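Residue numbers (my numbering), protein chains in the order written: chain A, 1240 to 1482; chain B, 1240 to 1482; chain C, 1240 to 1482; chain D, 1240 to 1482; chain E, 1240 to 1482; chain F, 1240 to 1482.
Glycine included, C-beta positions come from ideal geometry on N, C-alpha and C.
Since the structure is predicted, the reported quantities are computational estimates derived from the model, not experimental observations.
Okay, so here's the structure we're looking at.
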């Protein structure tokens, strides 16, 4: 990604990164086995974390813990891929903790794409609300299932399988809403994970996997802009804070 | 509910009934442990069912099995409660089978209400898309959490707890979209389950539970119109077909 | 409930309330994945809780942690409904933590009723030990299944569905014992959740849901006695202590 | 065990054997994800089974499917160990299918013992209803936790750990009721599994494991009566039918 | 991959394909809730499948159902990637059905690579038995964790995350053994899923995701050899049979 | 076990004891619902534990947290049974926390035996790497399934059922590697749990269960060497430290 000098890091795909970053924090998706367990988001500075998010004292619960306006505003799609995912998750909707699902708002700029990616811990059903969205997923036998979604159309992305969304229109932004059956689905973008990891995957491995040359790899790596670098100076919390 | 002679059963809350009816069919929500298991909906005439829905041969899978337009059209809210829930579930979206979640479109007429109800097998997160919706849930200590949702606002309904949605506006229909973390959440409407079951709950039980008289019970029962009667001549399948 | 001046809060349905109250404390029901994890019940004063109950150091485990006499004494049924539920749960049986089930003793006075209620997180099988008990549950299609249990008879209440128990006899108390497959099943009484929540569910919602008038609602609410009020001056812990 | 010539096999510990036998039939304990899935017990003659029990058509459900009197009668304790376990399970209570728990009635003759055994798929909480019962379980560090239960006392047996119940009284039978959090807990009696399996565990293995001689092994084996032999002429179904 | 004219499709990575193919068959990974449920592999010709594999009649169970020599022979690594994965799974070890895990033998030729891939339904722990293996996985924040394994060294690949194994030696084959906690983990190779799916992912999506040109895409696609084509004339069963 | 005076406790079956001891520490095996949650093993001195192992701050994660050489060295089989189990678990492989599986290296001396035991929380698949191993498990109907494993052969031990491994050769040590589908399977050796628990199971119970005399019991107990005594002066942590 080409970043101009002096600019602050672009507001890039914060949502999907939040999925990634959240997945580095300790959480769990057991059955919701209490009425609610409102996430105590103030405790995240600790050097020790748990596999689940601690809860606030239930006596302090208020209706606002179960509500969020996070999905009400369009996400900033002014990034290299042209999309933005905004999540309603425990960071902005603490009452969601232990409930076992996440809602996501997906904004896609004209000609924008949510690049092929997978969620290691959730299946997803997406519904197109505005525009037209080409969607597809690849199963484990490399078969691709695709569809063009119009407003009101829904599509299933099975758990852990690579899928994408693409707004082929040149003028109209697209909008979708997704449900995912984990409070922390996680997201791994295939191109970034393979060509822009930190450190990089050994050249020989990528050469053999993609049947390309070291020069190809270097070019793709450069074009992808060292995605991880943009975030190296930012701690998880600030990213979380932006959601 | 007052049904006029000769009319066909009113298009009443098919969605939410579908939830109810589906829950009488054998399904399961284990982890999705295959890429997909497309529901074989043609096998439902059998006298024996399973706790899960059989799948079609994966070689016959097509993209259309993973897509549905079911949520694209407003539901008919011309019923006694003034709401309609349309589900994207295995009946109209067979690729959803084993994926562990359901999307729902909720239409609420002006002054309409989704009456207090619970989902025995799912938590829910709802997002208001149009209008203003009063929402609330009651926890097990009888504490009520309420919020007024504007477009873009989301709210959590924890699993198994009684909740409602209410469009207080006198003119504008409201629209919401919900994710539920089960492929078959099930729905039980508190007023119908207590006062309009078939057969009726013994009068003494209701008298003591609600501290009302037998006359009160008879009146509520009559007003609620013997909800179950409307459907007694309809087999499950036709209801499923209407979703 | 009418409380006379100067009296201490009546010993009302402590058990079932304990179910309710416990469900506001953070617990979880994952597979028991250690030999045992004895609940550390002294840590509950913390302002932060977890989705699971912390354990004591296993080196301090004693046989008494796995034993309780809680179910040995009849519960006080001198309340408006005429029943009492006593639980063997992590509060009085800390070795039960992570074991995934609860036993309950149900005492029902002559003409007493365990009002229609549901457990959001457990199925239940009840066995009548003394007297005759009318039992029933309503499924999601509003169909009622009922039975009269004699001593030794058992009945199933599926998870999350509204059910009741009723001792129709005028003289003999009834006794039942139930198993529930969660260490914290939770309980929501339909009449209290709808007509006696704190704050109250908006009148319009109840009017439409039950097809009754605002006057009816006020009367039912008053008769039910503002159930939540009785407990407003009591913290969760004291209730827990009484079980 | 003393078997008289010409008699049919004694009614030995049918309940606990039912646990064992049932566990050879294909069942599963996923979350109950439909209102109910009444076990179709007539299909068991098929040569192919499933990991779950098929259900009857829900339209054929009756209240009797959710009820059983199986626990109302004392089990026959006239066997070598002096105990009998009667289960309320899917064989006699088909509505229990998918509900995730089992109730058990445990009758123990004076001086009778439920020998050290484990349930591979369930934790158990037992409550003494009559008599005095010595109970104990051994954890994975070989620590024994014991208690003497009086009527009304409960005790926890963690999943998969060896435990026993013993009625030390010389005159009074004891009675207990247990809840187990699986619809098919399974039972393995340690002495029978090690010294009376069919075929026998190699002598060298037992010699080394128990530090005994081949003569000891033969003697124990003979005393235990070749437990499996008694049932070799009986198909699973007849055993199921006797519960 | 270089395929010589007239040859039959090379014995390419059968194991990993078996993972892929198996994941198109209906299976489930619930808790093992019966002693065993031996997979009935003869029933797979049916046009209807289940989310779980049916079992044979337990009376027909033999020790051989629980044993396999599948992992005893080196896999053929003479393919474009230079590796072979052989699985002990329900196809060759029917007693594994419902047990919730899989063992895998991984042979890697000198300079061979198991290309970056993920398992949608399992975590993996691999142990190097021969040679030296470079291993690595990328987390959802694109951070790469790598290690060089010598014989006896183990490494963790968290569920759903992209990982690889690489034998950098020019002469010595490497051998590893892995455990995966699902009976059907599934495998998706990132390069094949993105550049060699059938049909192909739209060029615009790949251009944007990898920041490459249509020519690059065509070249990579050709080099990868249209992986899916090799198998298009083979039914699932024959592939299963080869494992 | 005969311990010579003045010697330090022999390095006896540390692995299998680690399984036992670990199972007394609080852990859980929910789905891995974050990328990873590296076990914080320094926190174990606390008097309060959790049902899960706390994680270190993910920012401190290194590749070494996901790697271990624990399985590279043969275990010391110089103990009364002639075997040693070494585990790759959260104690030496902290990145395994929440991953839901364990690998085990099993060394068996000539004529050594892994005595009949069960894992309360895991199924196991074992693969013979060296030597010949007699393996067997007993199902809940006391049926024994046995096999002789040669190098490369695998065998299934279903969850919670008693099984054994025996190296019948007089000269060659045997080596096997096992996968178990829990991060903390737990282990209970049948002979030690019944005859060498601390305190001892009442004589009457063992007499009746095994049909032996009090003298037999005393002899077996003595021969088994009071297994628990050897470890009474050692805290859990030191045992953990040795793995």
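**Message:** Here's the rule I'm using: 16 or more other beta-carbon atoms within 10 Å means buried, otherwise exposed. How should residue 1463/A be labelled?
**Reply:** Here residue 1463/A refers to the residue found at position 224 of the first chain. Counting Cβ neighbours within 10 Å, residue 1463/A comes out buried, since at least 16 surround it.
**Request:** Measure from the C-beta of residue 1453/D to each C-beta in chain F and report whether the shortest distance is under 9 Å.
**Result:** Start at 1 with the first residue of the fourth chain, and residue 1453/D comes out as number 214. With 9 Å as the cut-off, residue 1453/D does not count as an interface residue toward chain F.
**Prompt:** Cα separation between residue 1314/E and residue 1323/E?
**Reply:** As a working mapping, residue 1314/E is identified with position 75 in the fifth chain. As a working mapping, residue 1323/E is identified with position 84 in the fifth chain. Taking the straight line from one Cα to the other gives about 5 Å.
**Prompt:** Closest by CA to residue 1488/D, which one among 1367/D, 1408/D, 1379/D, 1398/D?
**Reply:** Only positions 1240 to 1482 of chain D appear in this structure, which leaves residue 1488/D out of reach.
**Message:** To test your reading of the DSSP string, which unbroken alpha helix (DSSP H) runs of 4 or more residues are found completely within the stretch 1378 to 1434 of chain B?
**Reply:** 1429 to 1434
**Message:** What does the Cβ neighbour count give for residue 1337/D, buried or exposed, with the cut at 16 atoms within 10 Å?
**Reply:** Taking the fourth chain and counting its residues from 1, one reaches residue 1337/D at position 98. Classification for residue 1337/D: buried.
**Message:** Quick check: residue 1335/F and residue 1418/F, are their CB atoms within less than 9 Å of each other?
**Reply:** Numbered from its first residue, the sixth chain carries residue 1335/F at position 96. Numbered from its first residue, the sixth chain carries residue 1418/F at position 179. No.
**Prompt:** In three-state DSSP terms, what is residue 1261/B?
**Reply:** On the second chain, residue 1261/B is found 22 positions in, with the first residue counted as 1. Bear in mind that the predicted position of residue 1261/B carries a pLDDT of just 30, short of 50, making it unreliable; the figure below should be weighed with that in mind. Residue state, collapsed to three classes: helix.
**Request:** Under 8 Å by Cβ, that's how I've got residue 1381/D and residue 1328/F pegged, so tell me the actual separation to the nearest angstrom.
**Result:** Start at 1 with the first residue of the fourth chain, and residue 1381/D comes out as number 142. Start at 1 with the first residue of the sixth chain, and residue 1328/F comes out as number 89. Going by Cβ atoms, the distance from residue 1381/D to residue 1328/F rounds to 20 Å, so no, they are not a contact pair.
**Prompt:** Counting contacts by CB-CB distance shorter than 9 Å, is residue 1440/E in contact with chain A?
**Reply:** Working through the fifth chain from its first residue, we reach residue 1440/E at position 201. Yes - at least one Cβ of chain A is within 9 Å of the one on residue 1440/E.
**Message:** Any beta carbon from chain A within less than 9 Å of residue 1403/E's own beta carbon?
**Reply:** The sequence position of residue 1403/E within the fifth chain is 164, counting from 1. With 9 Å as the cut-off, residue 1403/E counts as an interface residue toward chain A.
**Prompt:** Which chain E residues are close to residue 1317/A, counting only those with a beta carbon under 8 Å from its beta carbon?
**Reply:** For the purposes of this step, residue 1317/A is taken as residue 78 along the first chain, with counting starting at 1. The contacting residues do not exist; residue 1317/A stays about 14 Å from chain E at best.
**Request:** Could you spell out where the alpha helix (DSSP H) holding residue 1461/A opens and where it closes?
**Result:** One-based indexing of the first chain puts residue 1461/A at position 222. Residues 1453 to 1463.
**Asked** Is residue 1324/B close to chain A, meaning its C-beta is less than 9 Å from at least one C-beta of that chain?
**Response** As a working mapping, residue 1324/B is identified with position 85 in the second chain. No, because no Cβ of chain A sits closer than 9 Å to the Cβ of residue 1324/B.
**Request:** With a floor of 3 residues, list each beta strand (DSSP E) that falls wholly inside the stretch 1274 to 1354 of chain F, ordered by position along the chain.
**Result:** 1322 to 1327, 1341 to 1347
**Request:** Report the rounded CA-to-CA distance for residue 1428/C versus residue 1300/D, giving the unit in angstroms.
**Result:** Position 189 of the third chain, counting from 1, holds the residue named residue 1428/C. Position 61 of the fourth chain, counting from 1, holds the residue named residue 1300/D. Approximately 26 Å between the Cα atoms of the pair.
**Request:** Check the C-beta distance from residue 1416/B over to residue 1344/B and give it rounded, since I have them as a contact under 8 Å.
**Result:** As a position in the second chain, residue 1416/B is number 177, starting the count at 1. As a position in the second chain, residue 1344/B is number 105, starting the count at 1. Contact holds; Cβ gap of about 6 Å.
**Request:** Could you name the residues of chain E that residue 1391/A contacts, counting a contact when the two beta carbons are closer than 9 Å?
**Result:** Along the first chain, read from residue 1 onward, the residue named residue 1391/A stands at position 152. The premise fails here: residue 1391/A is roughly 23 Å from chain E at the closest Cβ pair, so nothing lies under 9 Å.
**Request:** Please state whether DSSP places residue 1447/A in a helix, a strand or coil.
**Result:** Your numbering for residue 1447/A matches position 208 in the first chain. Residue 1447/A: helix per DSSP, three-state reduction.
**Item:** Minimum Cβ-Cβ distance from residue 1260/B to chain C less than 9 Å
**Value:** Counting from 1 along the second chain, the entry for residue 1260/B is found at position 21. Annotation note: pLDDT 30 at residue 1260/B (below 50); position unreliable, coordinate value reported separately. Interface residue, yes.
**Request:** Using a Cβ-Cβ cut-off of 9 Å, state whether residue 1457/D counts as contacting chain F.
**Result:** Taking the first residue of the fourth chain as 1, we reach residue 1457/D at position 218. No - not a single Cβ of chain F is within 9 Å of the one on residue 1457/D.
**Prompt:** Expressed to the nearest angstrom, what Euclidean distance is found between the alpha-carbon atoms of residue 1395/C and residue 1298/B?
**Reply:** Working through the third chain from its first residue, we reach residue 1395/C at position 156. Working through the second chain from its first residue, we reach residue 1298/B at position 59. Rounded to the nearest angstrom, the two C-alpha atoms are 41 Å apart.
**Distance between beta carbons of residue 1369/A and residue 1413/A, contact taken as under 8 Å** = Counting from 1 along the first chain, the entry for residue 1413/A is found at position 174. Counting from 1 along the first chain, the entry for residue 1369/A is found at position 130. At roughly 6 Å, the Cβ-Cβ gap stays under 8 Å, so residue 1413/A and residue 1369/A are in contact.
**Message:** For residue 1345/B, would you say it is in contact with chain A, using Cβ-to-Cβ distances shorter than 9 Å as the test?
**Reply:** Within the second chain, residue 1345/B is the residue found at index 106, counting from 1. No, residue 1345/B lies away from the interface with chain A (no Cβ there is under 9 Å from its Cβ).
**Prompt:** Going along chain B in order, which residues have a C-beta closer than 8 Å to the C-beta of residue 1435/C?
**Reply:** If you number the third chain from 1, residue 1435/C lands on position 196. 1381, listed in chain order.
**Request:** Would you check if the distance between the CB atom of residue 1347/B and the CB atom of residue 1406/B is smaller than 9 Å?
**Result:** Along the second chain, read from residue 1 onward, the residue named residue 1347/B stands at position 108. Along the second chain, read from residue 1 onward, the residue named residue 1406/B stands at position 167. Their beta carbons are under 9 Å apart, which means residue 1347/B touches residue 1406/B by this criterion.
**Request:** For the stretch 1394 to 1424 of chain D, enumerate the residues whose C-beta is nearer than 7 Å to any C-beta of chain C, in chain order.
**Result:** 1394, 1395, 1397, 1398, 1400, 1416, 1418, 1420
**Prompt:** Taking only beta-carbon atoms, is residue 1314/D less than 9 Å away from chain F?
**Reply:** Counting from one through the fourth chain, the residue named residue 1314/D turns up at place 75. Answer no: the Cβ-Cβ gap between residue 1314/D and chain F never drops below 9 Å.
**Prompt:** For residue 1439/D, which of helix, strand or coil comes out of DSSP?
**Reply:** Your numbering for residue 1439/D matches position 200 in the fourth chain. Three-state DSSP puts residue 1439/D in coil, outside helix and strand.
**Message:** Quick check on residue 1273/F: buried or exposed, where buried means 16 or more other Cβ atoms within 10 Å of its Cβ?
**Reply:** Counting from 1 along the sixth chain, the entry for residue 1273/F is found at position 34. Buried, by the Cβ-count rule.
**Request:** Within the same chain, show all residues whose beta-carbon is closer than 7 Å to that of residue 1452/C, passing over the 5 residues directly before and after it, in chain order.
**Result:** Translated into the one-based positions of the third chain, residue 1452/C becomes position 213. Excluding positions up to five away in sequence, the list reads 1446.
**Message:** Counting only beta-carbon separations shorter than 9 Å, does residue 1371/B have a partner in chain A?
**Reply:** Residue numbering aside, residue 1371/B sits at position 132 when the second chain is read from its first letter. No, no contact with chain A.
**Prompt:** Taking the DSSP output, what are the residues bridged to residue 1373/E?
**Reply:** By one-based count along the fifth chain, residue 1373/E stands at place 134. For residue 1373/E, which the question treats as bridged, DSSP gives the partners 1387/E, 1405/E.
**Asked** Since residue 1431/B meets chain C, which of its residues come closer than 7 Å, beta carbon to beta carbon?
**Response** Numbered from 1 along the second chain, position 192 holds the residue referred to as residue 1431/B. Result: 1381.
**Prompt:** Any chance the CB of residue 1293/C is under 8 Å from a heavy atom of the ligand ZN?
**Reply:** Annotation note on the ligand ZN: not contained in the displayed structure, which lists no ligands.
**Request:** Quick one: using the 10 Å Cβ neighbour count with 16 as the cut-off for buried, is residue 1317/B buried or exposed?
**Result:** Indexing the second chain from 1 puts residue 1317/B at position 78. Classification of residue 1317/B: exposed, given that the 10 Å Cβ count is below 16.
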